[in-house]
DNA sequence: TATAAGTTTAGACGATGTCCAACAATAGAT
DNA sequence: ATCTATTGTTGGACATCGTCTAAACTTATA
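Residue numbers (the working numbering), protein chains in the order written: chain E, 413 to 549; chain C, 413 to 549.
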């Protein structure tokens, strides 16, 4: 398990230090969308001497190397998402929590006919509430 | 001009103080997407005794009353947009500048078939560069 | 083992945003 | 007009977020 992680870091051209493995261990497998300081708080439980700067450095490194994606969706908050493949986001206005919506669930049309913009990526950002009716998603 | 502004504030249930009118005069008519502190800097030129707290209060009030929309799109920045009607956004990765894309320019399908979510509003957020080819938009 | 390259650290820093308690302006009643 | 209760404004203190730095520490390599 930790073995594989080290391999994955190496595969992404990242020297696997103890701190980086510890951060990866949490952030790559969480279903939450934690902020940098939330990652710090969590990971410090298992690696108490971890500094805030290192967490920020590590997260930025992971984003740069394609292990993580950075989201700027919630009110004033930057948040990290281990799902690197394209998907959309739904923000629950009641709780502020962020949910992933599969790419195939929606279809955006006419993107190609946009003049003047060279779009490299896009996503649909929705806001609302979890439906009272219907299954919990 | 200032008359109409006062009327518009009143129409939105906002007591038109000198500070609020000054802020409105700039922020409701700008094509930029200014941050709160940018608004502060700009408006202070015409109303020098304006405090930072008032600008934050006023912008939040305007958002709450529907005169402004708050965007959380750029890296770690909250920004204000006087276009309250629905539209999409394009973020220029080179400059960080934000561009409005008309609602009709894109079409999102299958939204209705989303289970479990009660979507109140949505938009498409695109990132990329202004096209080298093609007219500047 | 020596050396260079890479990593971590604490704390300083700037920018953002909120909060407060004192002060000022206003609306509404008389 | 004047009084009073309500509403706005102010500057400064405070918290949070993210970046930076210089020194210390690790790791890789020869």
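The beta carbon of each residue, even a glycine, is placed where N, CA and C say it ideally should be.
Continuous beta strand (DSSP E) stretch holding residue i: start and end
i	result
residue 542(E)	529 to 542
residue 483(E)	481 to 483
Per DSSP, cross-strand counterpart(s) of residue i
i	result
residue 511(C)	502(C)
residue 516(E)	Per DSSP, none; premise fails for residue 516(E).
residue 521(C)	519(E)
Where residue i meets chain C, residues with beta-carbon distance less than 8 Å
i	result
residue 477(E)	The contacting residues do not exist; residue 477(E) stays about 18 Å from chain C at best.
residue 539(E)	531, 532, 533, 534
Own chain partners of residue i with C-beta closer than 6 Å, once the 5 adjacent residues on each side are dropped
i	result
residue 464(C)	452
residue 466(E)	431
residue 436(C)	417
residue 433(C)	417
residue 511(C)	502
residue 456(E)	462
residue 498(E)	515
Amino acids of chain E, ordered along the chain, whose beta-carbon sits closer than 7 Å to that of residue i
i	result
residue 543(C)	528, 529, 530
Host alpha helix (DSSP H) of residue i (start-end)
i	result
residue 450(C)	448 to 456
residue 475(E)	464 to 476
residue 461(E)	It is not in any alpha helix (DSSP H) - residue 461(E) carries neither H nor E in the DSSP assignment.
residue 427(C)	Careful: residue 427(C) lies outside any alpha helix (DSSP H) and carries neither H nor E.
Residue i: contacting residues in chain C (beta-carbon distance under 7 Å)
i	result
residue 536(E)	520, 534, 536
residue 517(E)	522, 526
Sequence-distant residues of the same chain with beta carbon closer than 7 Å to residue i, five excluded per side
i	result
residue 541(E)	504, 505, 506
residue 536(C)	500, 518, 520
Supposed close pair residue i, residue j - CB separation, criterion 8 Å
i	j	result
residue 523(C)	residue 513(C)	The pair is not a contact, with the Cβ atoms about 17 Å apart (cut-off 8 Å).
residue 534(C)	residue 543(E)	Between residue 543(E) and residue 534(C) the Cβ distance is about 15 Å, and since that is not below 8 Å, they are no contact.
residue 438(E)	residue 454(E)	5 Å
Closer than 9 Å at the beta carbon, the chain E residues around residue i
i	result
residue 474(C)	Within chain E, no residue comes near residue 474(C); the closest Cβ sits about 16 Å away, beyond 9 Å.
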